[in-house]
Amino acid sequence: MDAQLKRGLIDICVLAAIRNEDSYGYRIIKIIKPYIEISESTLYPVLRRLEEAQMLSVYSVEHNGRLRKYYHINQAGIERLNAFSEEWKEITAIYNFVTKEASDE
-15 MDAQLKRGLI DICVLAAIRN EDSYGYRIIK IIKPYIEISE STLYPVLRRL EEAQMLSVYS
45 VEHNGRLRKY YHINQAGIER LNAFSEEWKE ITAIYNFVTK EASDE
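In terms of the numbering used here, the sequence shown has 20 at position 36, counting the first letter as 1, and numbering is strictly consecutive.
Here is the structure:
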């Protein structure tokens, strides 16, 4: 898969993973892994980028004597997910065009 496309999809997957419930890094990876391959070394820069873009916020909670960072989706993140849903309609139309052409030959 194209690296730029995958990067954008990972951002969307991270936002979707925390849409309904705040979560922490390891759990986000577990939620996303069935759909797209992601590692900790990929996830944490994405989380920082989304935080800088004000699409999510971070807070810490003590867990077993250690602080665990939790990520919460902000309004801008929700708006990005909604925009992606609209963009996906266009992507689907392009996909249908490309596969139709291939099957007609």
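We put the beta carbon where it would ideally sit given N, CA and C, even for glycine.
Treat the numbers as computed from the prediction; the structure is a model and nothing was measured.
Cβ shell of Tyr28 (< 8 Å), same chain only, five flanking positions each side left out: Locating residue 28 in the sequence shown gives position 44, where the first residue counts as 1. The beta carbon of Tyr28 sits closer than 8 Å to those of Gly9, all from its chain and outside the five residues before and after it, given in chain order.
I'd like the span of the beta strand (DSSP E) that includes Arg50, first residue to last. Reading the sequence shown from its first residue, position 66 is the one you call residue 50. Membership of Arg50 in the beta strand (DSSP E) is indicated by the continuous run Arg50 to Ile57.
message: Just to confirm, is the Cβ distance from Ile2 to Tyr55 under 8 Å?
response: Translated into the one-based positions of the sequence shown, residue 2 becomes position 18. Translated into the one-based positions of the sequence shown, residue 55 becomes position 71. Yes. Within cutoff.
Comparing the C-beta of Leu31 with each C-beta of chain C, is any distance below 8 Å?
Absence of chain C from the displayed structure is noted, only one protein chain being present.
- [ ] Using 10 angstroms around the beta-carbon of Asp(-5), count the other beta-carbons present and answer buried if the total reaches 16, otherwise exposed.
- [x] For the purposes of this step, residue -5 is taken as residue 11 along the sequence shown, with counting starting at 1. It is buried - the Cβ of Asp(-5) has at least 16 other Cβ atoms within 10 Å.
**Q.** Three-state secondary structure (DSSP) of Ser23
**A.** Against the sequence shown, residue 23 aligns to sequence position 39. DSSP places Ser23 in coil when its eight states are reduced to three.
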